[in-house]
Amino acid sequence: TGVMDINKTLVYYKKSDGHCGMAIHYGTKTDAGCRTLIIPKQLISLFKKQKQASGKLSDTVFVDGVNGFIFITREQTPHRQDTINRALKRIIRSANDEVADDDAETPLLPMVSSHKLRKTFATNCCAEGIPLETTKQLLGHKDISVTANVYVQARRDILADASRKLELAMYRQGMITDDTNEQLTNK
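With our numbering, the residue at position 146 of the sequence shown is 151, and numbering never jumps.
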């Protein structure tokens, strides 16, 4: 395992010539955003491969004196969120077009954004039983209600599983019988 400190924010702004400028903000949107993450070995390995793929370029790209970016563009700048979102959209559209059925009403893959991937991460943490407080810290939220209300969207399979467990518990306690269960399912 390894450690990653989140303590800076890459900020984008529009320059007077209309081009996009970048600056480093020391800190994050909230104090809770500054955090240390424990990184699995597999992810460290992927980061190292990406950095090797970028070659020495990643060490030559500086923004306000900071370098060592893992993901950089051909133009030797760090990737921007809107660029990543456009790439995700293009990849998903292409994948859906390749497998499209003329009669299909819904696409195989839904559209996602980098922000939606954060929501998916939080939902998966919930599905795996990771405590809400831990998920809050991983995401860098100041208030746990943001994590609970906005990000942790229970998936249908989690709800269905909870419903089955509740039904089984009620059956074991005699609150419902096979006849009651049959009546409920026939409604």
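Backbone N, C-alpha and C fix where the C-beta goes; we use that ideal spot for every residue, glycine too.
This one's a predicted model, so the numbers in the text were calculated from it and none came from an experiment.
Whose CA, out of Asn72, Ser21 and Tyr17, lies closest to the CA of Met27?
-> Tyr17
What is the DSSP secondary structure of Thr82, reduced to helix, strand or coil?
-> coil
Own chain, CB closer than 7 angstroms to Thr6, minus 5 neighbours either side, in chain order = Ile43, Ile44, Pro45 and Lys46
In chain order, each beta strand (DSSP E) run of at least 3 residues that lies wholly inside the stretch 22-74 | 25-31 and 40-44
Check the C-beta distance from Leu93 over to Val104 and give it rounded, since I have them as a contact under 8 angstroms.
-> Leu93 to Val104, Cβ: 17 angstroms. No contact.
Are the beta-carbon atoms belonging to Leu143 and Ala153 less than 8 angstroms from one another?
-> no
Thinking Leu62 and Gln86 are a contact (beta carbons under 8 angstroms), I'd like their distance in whole angstroms, please.
-> Wrong, their Cβ atoms sit about 20 angstroms apart, outside the cutoff.
Return the CA-CA distance between Ile89 and Ala165, expressed in angstroms with no decimal places.
-> 34 angstroms
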